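First residue of the sequence shown: 1, per this note's numbering; consecutive thereafter.
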Amino acid sequence: MPKKLPSDIQNSIKALLENSADPAVIGKRVGVHRNTVNRYANKWMHDGIRKRGGRPSIVAESTRRYIKRQVLTGCLKAAKDVQMKLEELGHPMSYQSAINVLHSVEIYAEIKKKKPLLTEKHKKARLVWAKKHQYWTVHDWRRVIFSDETKINIWGSDGCKYYWKRKCDHLQPQHIDVTVKHGGGGLMLGSCITSEGPGYACQIYDGTMNSEEYQEILGTSLKDTMEYYGLNWETSVFQHDNDPKHRSKSTTQWMKDSGMIYIDDWPSQSPDLNPIEHTVGQNTSQTSALFEVVVFWITQ
1 MPKKLPSDIQ
11 NSIKALLENS
21 ADPAVIGKRV
31 GVHRNTVNRY
41 ANKWMHDGIR
51 KRGGRPSIVA
61 ESTRRYIKRQ
71 VLTGCLKAAK
81 DVQMKLEELG
91 HPMSYQSAIN
101 VLHSVEIYAE
111 IKKKKPLLTE
121 KHKKARLVWA
131 KKHQYWTVHD
141 WRRVIFSDET
151 KINIWGSDGC
161 KYYWKRKCDH
171 LQPQHIDVTV
181 KHGGGGLMLG
191 SCITSEGPGY
201 ACQIYDGTMN
211 SEEYQEILGT
221 SLKDTMEYYG
231 LNWETSVFQH
241 DNDPKHRSKS
251 TTQWMKDSGM
261 IYIDDWPSQS
271 PDLNPIEHTV
281 GQNTSQTSAL
291 FEVVVFWITQ
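This is the structure in structure tokens:
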């Protein structure tokens, strides 16, 4: 006669059975064989292990796990791909049924995040740069003046927007992304941030800038920012990305002649390393108010 299990293990098995858990899963969780679980199930329940209601799925659990692996590894990139793969495996079904299969293994659609395209060369350069600076202290990073150029739109981001509503709801004002003719306009700004606070902003007319104009910004807005916070190139380090106008021979020479200390090995395609990108992202989420402030700021 099989040895009786301790009462606490029996209680655990019973609770899991009442939640329609699979005997094999229960056995692994409590540390007994699944046949033991089945024995207790038959003892406690007149109809044996409780079956989940509804029509049985035509897709086996092993097939679902296979589909899940294919999606997680990137072999199947869309629900349409899953639908076609299931058809190849002998399970022809509708597009929605394929989505239901994905949901059954807890895979749901989300908007793809927009990130820079990173080649192996980019990744290697980023890793080398990170290792080179891994021992920098807070004091070292506080010396860095981070800079960038960005676009400010009157009517918000150029990116996509979504809203939530019930299927039966009619269109409401809050569901509309208001637009104006010709996009409503915007402006390009160049600025920087320091450990002491934000730097002066400078408007970039026509949305473009060459090396000479960039050097003009360095000699005015950046210089004014440093004077305002009492900074100098003996204790500060300037950062900018690898834009051609930033790395041109004339700009490099201008910076050397001005006595600027700057980071000359900034890895390409690395906006996520620059904290000013996050500052801009927070500010531009309130663009209508920010735009008025910026226009007033640069015209005074």
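Where is the CB? At the ideal position from N, CA and C, for every residue including glycine.
Quick caveat, the model's predicted, so the values are computed rather than measured.
1) How many angstroms separate the CA atom of S331 from the CA atom of R65?
2) Taking contact to mean 3 or more Cβ pairs, one atom from each stretch, closer than 8 Å, check whether the region 243-262 and the region 99-108 are in contact.
3) Would you mind sorting Q253 into buried or exposed? The rule is 16 or more other CB atoms within 10 Å of its CB.
4) Please determine whether the Cβ atom of V59 lies at a distance below 7 Å from any heavy atom of the ligand MN.
5) DSSP on D333, reduced to helix/strand/coil?
6) Under a three-way DSSP split, which group does D148 fall into?
7) Helix or strand or just coil, what does DSSP make of S94?
8) Keeping to the same chain, check which residues put their C-beta closer than 8 Å to that of Y262; ignore five residues upstream and five downstream.
9) Classify P303 as helix, strand or coil using the three-state DSSP reduction.
10) Can you find the residues in the same chain that come closer than 7 Å, C-beta to C-beta, to P244, ignoring five residues on each side of it along the sequence?
11) Rounded to the nearest angstrom, how far is the Cβ of R29 from that of L16, given a contact under 8 Å?
12) What does the alpha-carbon distance come out to for the pair A21 and W136?
13) May I have a chain-ordered list of the alpha helix (DSSP H) segments no shorter than 4 residues that lie completely inside the region 62-96?
14) Where does the unbroken alpha helix (DSSP H) through V128 begin, and where does it stop?
15) Could you work out which residue in V82, T150, K131, A79 is closest to C192 when comparing CA atoms only?
16) Buried or exposed: where does Q83 fall if 16 or more other Cβ atoms within 10 Å of its Cβ makes it buried?
17) Please report how far the alpha carbon of Y162 lies from the alpha carbon of P275, in whole angstroms.
18) Grab me the residues of M93's own chain with a C-beta within less than 7 Å of its C-beta, minus the 5 sequence neighbours each way, in chain order.
19) Hey, out of I13, E88, T73, whose CA is closest to R34's CA?
Taking the geometry as given:
1) The chain is shown only over 1 to 300; residue 331 falls outside these bounds and no answer can be derived.
2) Because the criterion of three Cβ pairs below 8 Å is not met, the region 243-262 and the region 99-108 do not touch.
3) The sequence position of residue 253 within the sequence shown is 253, counting from 1. Around the C-beta of Q253, fewer than 16 other C-beta atoms lie within 10 Å, and the residue is accordingly described as exposed.
4) What this structure holds is no ligand at all, so the ligand MN is not there to describe.
5) An answer regarding residue 333 cannot be provided, because it is not within the stretch 1 to 300 covered by the chain.
6) For the purposes of this step, residue 148 is taken as residue 148 along the sequence shown, with counting starting at 1. D148: strand per DSSP, three-state reduction.
7) Sequence index remark: in the sequence shown, residue 94 carries index 94 (1-based). Note: S94 maps to coil in three-state DSSP.
8) Working through the sequence shown from its first residue, we reach residue 262 at position 262. Hits under 8 Å: V237, F238, Q239, H240, M255.
9) Outside the displayed range of the chain (1 to 300) lies residue 303, so it cannot be described from this structure.
10) If you number the sequence shown from 1, residue 244 lands on position 244. Closer than 7 Å at Cβ, skipping near neighbours: no residue.
11) Locating residue 29 in the sequence shown gives position 29, counting from the first residue. Locating residue 16 in the sequence shown gives position 16, counting from the first residue. At roughly 7 Å, the Cβ-Cβ gap stays under 8 Å, so R29 and L16 are in contact.
12) By one-based count along the sequence shown, residue 21 stands at place 21. By one-based count along the sequence shown, residue 136 stands at place 136. Spanning the two alpha carbons is a distance of roughly 51 Å.
13) Counting whole runs of 4 or more residues, the region 62-96 contains the alpha helix (DSSP H) stretches 79-88.
14) As a first step, residue 128 must be located in the sequence shown, where it is residue number 128. Counting along the chain, the alpha helix (DSSP H) containing V128 begins and ends at 120-132.
15) Here residue 192 refers to the residue found at position 192 of the sequence shown. Nearest C-alpha to C192: T150.
16) By 1-based counting over the sequence shown, the position of residue 83 is 83. A residue is called buried once 16 or more other Cβ atoms fall within 10 Å of its Cβ, and Q83 is buried on that count.
17) One-based indexing of the sequence shown puts residue 162 at position 162. One-based indexing of the sequence shown puts residue 275 at position 275. Any reading at Y162 must be qualified, since the residue scores a pLDDT of 46, below 50, and its modelled position is unreliable; no value is offered.
18) Locating residue 93 in the sequence shown gives position 93, where the first residue counts as 1. So the qualifying residues of the chain are Q83, L86.
19) The residue given as residue 34 occupies position 34 in the sequence shown. It is I13.
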